[in-house]
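The structure under discussion appears below in the form of C-alpha cells.
Number of protein chains: 2
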Amino acid sequence: MINDLRHYLSQLIDVSDEEMNEFQRMEVIASYSKDTVLLREGEVSNKSYFVLKGCLRVYYLVDGEERTTAFYTERQAITPQCVVDGKPSAYHLVCVEDSVLVAATPEMENHFFTKFPKFETLCRVMAEKMLAVNQLSFDKYMISSPEERYLHLLETNKDLVNRVPQYHLASYIGIKPESLSRIRKRLAKK
Amino acid sequence: MINDLRHYLSQLIDVSDEEMNEFQRMEVIASYSKDTVLLREGEVSNKSYFVLKGCLRVYYLVDGEERTTAFYTERQAITPQCVVDGKPSAYHLVCVEDSVLVAATPEMENHFFTKFPKFETLCRVMAEKMLAVNQLSFDKYMISSPEERYLHLLETNKDLVNRVPQYHLASYIGIKPESLSRIRKRLAKK
DNA sequence: CGTATTTCTTAACCCTGATCAATGGATCAG
DNA sequence: CTGATCCATTGATCAGGGTTAAGAAATACG
Chain A
1 MINDLRHYLS QLIDVSDEEM NEFQRMEVIA SYSKDTVLLR EGEVSNKSYF VLKGCLRVYY
61 LVDGEERTTA FYTERQAITP QCVVDGKPSA YHLVCVEDSV LVAATPEMEN HFFTKFPKFE
121 TLCRVMAEKM LAVNQLSFDK YMISSPEERY LHLLETNKDL VNRVPQYHLA SYIGIKPESL
181 SRIRKRLAKK
Chain B
1001 MINDLRHYLS QLIDVSDEEM NEFQRMEVIA SYSKDTVLLR EGEVSNKSYF VLKGCLRVYY
1061 LVDGEERTTA FYTERQAITP QCVVDGKPSA YHLVCVEDSV LVAATPEMEN HFFTKFPKFE
1121 TLCRVMAEKM LAVNQLSFDK YMISSPEERY LHLLETNKDL VNRVPQYHLA SYIGIKPESL
1181 SRIRKRLAKK
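Spelled out as C-alpha cells, the structure:
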C-alpha cells in the first residue's frame, strides 16, 4: 500500500525514497476491518486519516437514530474536529468496508513538516482546496431538494451508491429510507 | 483598520512592525459600499477576502431566484472556489453592508509566505480549522429541520439575525420568507 | 440448501413547507 | 405629504417527506 501512497503523492509533488522511507518508519499505514470504530462520539482522538482503500462513514446520533453526514473513500482525507479543537467529538467515524488508511497525529505531521518543509505547503494547499470543495458541496446540498441530491449522487458518485446500503444514502441526503424508495420509484417511471 | 488586523493577528502569532508595514505596502485593505458585487457568477476572480468590518453574502441563482448559502462577518475569511480551481464561479459574492476587507491574490500570499514563512503555517492551521468548522456547520445543517436551524441561528448568531433582512435568512435556512414568518409565529406562541 | 437477519418496498394517513394571492407596515424619493 | 417600493405577514390550497405497519427481497450463515 505504501506504493499507492507514493503514486498518489507523486502526482502532486516530487517524492524521494528518503521521504517514503520516513513514512515507513513512522508506521502510518494500517488495515481496519469493516465496522471498526475509528472515533466515538464524546471521545477526543488525535488521529487524522487518509483513505488508501475502503470507505469511512461519519454519523451523528440524533434521538437514538444514526444520521450520516459524510463518506470518505479512496484518496480522501479527514481530520476530525476534535483533533483540531481538543473537544469531545460530536460524531462517530466508522469503516463501512475493510479499509487501508494512513493515520497520523499532529505531532507526526509536524515532525514530518520540519524534516520536509514542502509537505507543509502541500498540506496547506490541500486544506484550502478541501475547504473550497467542502463549501461547494455544502452549497449544493443547501440549494437542492432530496430528489435532486439523489440524482446528483448518481451523477457524481455512482460508485458510492453501489457501495453503501440505501438506508445510509437516504440518511446522507436528509430523508428516511421509505422516502428514498418512493423517489426511486418516481424516477423509474420517467 | 490596519490596527484591527494587527490586533487580530497578534492574538494568533507575534507580529512585527516590519510585517505590518509589508501589509501596508501591498495595499490589501479597502472599503466597499453596500451592494458592491465582489464576484459574479461565471467570473474567474483571484481575490480572497478577510472581513475587518461589515458583512458579505454568497448566493446562487436557481431558476432566477437568489439562494443564499453563506454570510461572512468580522474576522471571517473566504477564498472563492474559482480562486482555487480557476473555473468560472458558481455563485455571487456581494456586500450586505458597507464593508472593510483585506483582499489578497495567491501571488501576494506567496510573496508574503516567502518573506515571512510563519504566516504559511498560520494559514495552513487556519485553513484546517476553517475546514473543520465548515464541516461541522454542514453536519449541523444536515441533521436539523428549518425550525431548528432558525433557533440555532438565534442562539449562535443573534447578531446576524439583526443585521440582515429576514428573506435572506429564510433563504439561508432553506425555506421561503412566508415559511420563516410562520415558524416565527409558531415559536412566539410558546 | 433452508432459516434468520438485514435491507428494501409499499400503503395509509399526517405534518410541514411551497405556492399563490392579498394585505399592511416601513422606508424612501420627489 | 404622497406614491412607489420593499419587506413581512396571513390565508387557502397543494405537494412531498415523515410515521407506522406490513410484507417482500436480498444476504448471511448454520
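Line order of the protein sequences matches chains A and B. The letter at position 4 of the first sequence is residue 4 when you use this note's numbering, and the numbering goes up by one with no holes. Every position in the second sequence, counted from 1, becomes a number in this note's numbering once 1000 is added. We put the beta carbon where it would ideally sit given N, CA and C, even for glycine. Here the structure is a predicted model, which means the values were calculated and not measured.
Output, in chain order, the set of chain A residues within a Cβ distance shorter than 8 Å of residue i.
i: Leu1136/B; result: Gln81, Ala90
i: Thr1069/B; result: Phe138, Asp139, Met142, Ile143
What span of residues does the alpha helix (DSSP H) with residue i cover, start to end?
i: Val83/A; result: 81-85
i: Phe1113/B; result: 1106-1115
i: Ser1137/B; result: 1118-1142
i: Gln1166/B; result: 1166-1172
i: Arg75/A; result: That residue, Arg75/A, is in no alpha helix (DSSP H); it is neither H nor E in DSSP.
i: Asp35/A; result: Run containing Asp35/A: none; DSSP gives neither H nor E here.
Under three-state DSSP, which class holds residue i?
i: Glu41/A; result: coil
i: Val94/A; result: strand
i: Arg57/A; result: strand
i: Ser1048/B; result: strand
i: Ile1183/B; result: helix
i: Leu12/A; result: coil
i: Val100/A; result: strand
i: Thr1161/B; result: Correcting the residue identity first, residue 1161/B is Val in this sequence and not Thr. Reduced to three states, the DSSP call for Val1161/B is helix.
i: Ile1002/B; result: helix
Closer than 7 Å by beta-carbon distance: list the chain A residues that pair up with residue i, in chain order.
i: Tyr1060/B; result: Asp139, Ile143
Name the chain B residues whose beta carbon is nearer than 9 Å to that of residue i?
i: Thr121/A; result: Phe1113, Glu1120, Arg1124
Apart from the five residues on each side of it in sequence, which residues of its chain come closer than 6 Å, Cβ to Cβ, to residue i?
i: Asn1046/B; result: Val1083, Thr1105
i: Ile78/A; result: Tyr49, Tyr72
i: Ala1037/B; result: Note that residue 1037/B is Val in the sequence shown here, rather than Ala. Excluding residues within five positions, the ones whose Cβ falls inside 6 Å are Val1094.
i: Ala1076/B; result: Checking the displayed sequence, the identity of residue 1076/B turns out to be Gln instead of Ala. So the qualifying residues of the chain are Val1051.
i: Phe116/A; result: Glu19
i: Val1164/B; result: Val1096
i: Leu1136/B; result: none
i: Glu43/A; result: Ser89
i: Ile175/A; result: Pro146
Could you name the residues of chain B that residue i contacts, counting a contact when the two beta carbons are closer than 7 Å?
i: Gly42/A; result: In chain order: nothing, as chain B lies at least about 15 Å away.
Residues in its own chain within less than 7 Å of residue i by CB, not counting five upstream and five downstream?
i: Pro80/A; result: Leu39, Ser45, Ser89, Leu93
i: Arg1006/B; result: Val1015, Met1020
i: Leu1233/B; result: Nothing about residue 1233/B can be reported from this structure: the residues present for chain B run from 1001 to 1190 only.
i: Asp1035/B; result: Val1094, Cys1095
i: Pro1177/B; result: Gln1166, Tyr1167, Ala1170
i: Leu131/A; result: none
i: Leu1009/B; result: Val1015
i: Arg1067/B; result: Tyr1059, Tyr1060, Ser1171
i: Ala30/A; result: Leu101, Ala103
i: Ile1183/B; result: Pro1146, Glu1147, Tyr1150
i: Gly1086/B; result: Val1044
i: Ser1004/B; result: The residue asked about is misnamed: residue 1004/B is Asp in this sequence, not Ser. Around Asp1004/B: Leu1052.
Give me, in chain order, the residues of the same chain whose beta-carbon lies closer than 8 Å to that of residue i; leave out the 5 immediate sequence neighbours on both sides.
i: Leu1069/B; result: Per the sequence presented here, residue 1069/B reads as Thr, with Leu not at that position. These residues qualify, in order along the chain: Val1058, Tyr1059, Tyr1060, Tyr1091, Tyr1172.
i: Met108/A; result: Met26, Val28
i: Leu1151/B; result: Leu1187
i: Leu154/A; result: Val161
i: Met142/A; result: none
i: Asp159/A; result: Thr73
For residue i, return the contacting residues in chain B, with the cut-off set at a CB-CB distance below 8 Å.
i: Val84/A; result: Glu1128, Lys1129, Ala1132
Just checking residue i against the ligand COA - is the residue's beta carbon closer than 6 Å to any of the ligand's heavy atoms?
i: Ser145/A; result: Looking at this structure, you won't find the ligand COA or any other ligand, since it has none at all.
Got a sec, what are the start and stop residues for the beta strand (DSSP E) residue i sits in?
i: Ile29/A; result: 29-32
i: Glu66/A; result: 65-72
Between the segment 127-158 of chain A and chain B, which residues of the former have a C-beta closer than 8 Å to a C-beta of the latter? Listed by position along the chain: Ala127, Glu128, Lys129, Met130, Leu131, Ala132, Val133, Asn134, Gln135, Leu136, Ser137, Phe138, Asp139, Tyr141, Met142, Ile143.
Contacting positions in the segment 169-189 of chain A - beta carbon closer than 7 Å to chain B: Those residues of the segment 169-189 of chain A that come within reach of chain B (Cβ to Cβ, closer than 7 Å) are Gly174.
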